[in-house]
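Numbering (the working numbering), first residue to last: 155 to 330. Note that the Cβ used here is the ideal one computed from N, Cα and C, for glycine as well. If you're wondering where the values come from, they're calculated on a predicted model, not measured in any experiment. So the structure is just underneath, and the comments pick up after that.
Have a look at this one:
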């Protein structure tokens, strides 16, 4: 079984990565090396990376959920979310005027500062699209807001895992 974190950046992706590792999964995260193959719909490189890992978070995975669902049946998907206004504030504080090709591909503009409405629109649309896509498959999608204290009690039953005795990790909590 593959587990895909399909929430956008600044929704607890590093926390999700840490929780996956604590549960014993081999995890990969941000993969800018996959952007060009994705743009060209060359999914061989993506399939190779997926076969080498158990769990995935951060970009580009949120953008590929439909393809991943088809290519890897039986997978689980976790949509990390947070309050919209807190999300955009965190994105602007963290990325500011720094542009990346990945964000340019996602939003059309690589930097969030001054483009908050656009970023929020794309973020909200992604979350709505994911919920719509999985609406008849509640066992395949977990919606979780890690910023509100949700953690093991939702993730472990969803993945069929015992709740660890260790506290749920909270990476970068309160930084942004």
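Ranked by Cα distance from residue 189, the first of 180, 179, 200 and 181 is 200. Segment contact: the segment 240-247 against the segment 268-276, three or more CB-CB distances shorter than 8 Å; contact assigned. Proximity of the segment 161-179 to the segment 295-302 meets the contact definition, three or more beta-carbon pairs being nearer than 8 Å. For residue 242, the enclosing alpha helix (DSSP H) begins and ends at 238-249.
The DSSP-derived three-state label of residue 182 is strand.
Assignment of beta-bridge partners to residue 159 by DSSP yields 232. For residue 298, the enclosing beta strand (DSSP E) has its first and last residue at 295-298.
The shortest CA-to-CA distance from residue 224 to any of 322, 311 and 158 is the one to 158. Annotated as proximal: residue 309 and residue 173, with beta-carbon spacing under 8 Å. In the three-state reduction of the DSSP assignment, residue 322 falls in the coil class, being assigned neither a helical nor a strand state. By the C-beta density criterion, residue 161 is buried, having at least 16 other C-beta atoms within 10 angstroms. Taking 4 residues as the minimum length, the alpha helix (DSSP H) runs contained wholly in the segment 259-306 are 270-287, in order along the chain. In the structure shown, residue 174 falls within a helical segment according to DSSP collapsed to helix, strand and coil. A Cβ-Cβ distance of about 6 Å is found for the pair residue 170 and residue 234, placing them in contact under the 8 Å criterion. Per the coordinates, the alpha-carbon of residue 253 lies some 21 Å from the alpha-carbon of residue 194. Residue 156 sits away from residue 212, with the two beta carbons spaced by 8 Å or more.
Residue nearest to residue 264 within the set 246, 220, 217 and 232 is 246 (criterion: CA-CA distance).
Taking the C-beta atoms as reference points, residue 288 is found no nearer than 8 Å to residue 249.
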